[in-house]
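Going by numbering that gives the first Met the number 0, the first residue of the sequence shown is number 0, and it counts up by one from there.
For each residue, glycine too, the CB sits at the ideal point set by N, CA and C.
Written out below as structure tokens is the structure these notes cover.
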Amino acid sequence: MLSIEYYFKTYFLQLCTFAFPWVNSEEIAKDIVQDAFIVLMDRPELLEKGERVIKSFLYTSVKNMAMNAKRRNIVFERIRNEVPMEESNESNILDDLINAELIGALHRE
């Protein structure tokens, strides 16, 4: 039985390369691969199944996580483009801060 460390060292770069086209970000791809290894660590029974099963599990997990991240990004972009964002200026931020503090003080009383 091989260790998680072995699989991490062996497949990390390949899995990051595999995830990158979906997320277009090296950092997000790395996060996804790390998350896949965390899922693997939570399933110790898989480590007994052999390298082919673990490799398949990792690639499938990374693919699903990357596709989910891409879908979330598409939805986020669609919402961001549909909802007009007003420019925040310093006075609006200060007003919001004062209102929040005032409401908090009233709530405590």
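Straight-line Cα distance separating residue 69 from residue 22: 6 angstroms
Kindly indicate the opening and closing residues of the alpha helix (DSSP H) around residue 71. 50 to 81
Just to check my reading of the structure: residue 57 and residue 10 have Cβ atoms closer than 8 angstroms, yes? What is that Cβ distance to the nearest angstrom? Yes, residue 57 and residue 10 are in contact; Cβ-Cβ is about 6 angstroms, under 8 angstroms.
Per-residue burial, residue 27 [other beta carbons within 10 Å of its own, 16 or more giving buried]: buried
So residue 37 packs on residue 46, CB below 8 angstroms; how close in whole Å? Between residue 46 and residue 37 the Cβ distance is about 14 angstroms, and since that is not below 8 angstroms, they are no contact.
Determine the burial state of residue 31: buried for a count of at least 16 other Cβ atoms within 10 Å of its Cβ, exposed for fewer. buried
With a threshold of 16 other CB atoms inside 10 Å of the CB of residue 64, please say whether the residue is buried or exposed. buried
Just confirm the distance between the C-beta atoms of residue 96 and residue 50, as a whole number of angstroms; I'd bet it's less than 8 angstroms. Contact flag wrong, Cβ pair sits at about 56 angstroms.
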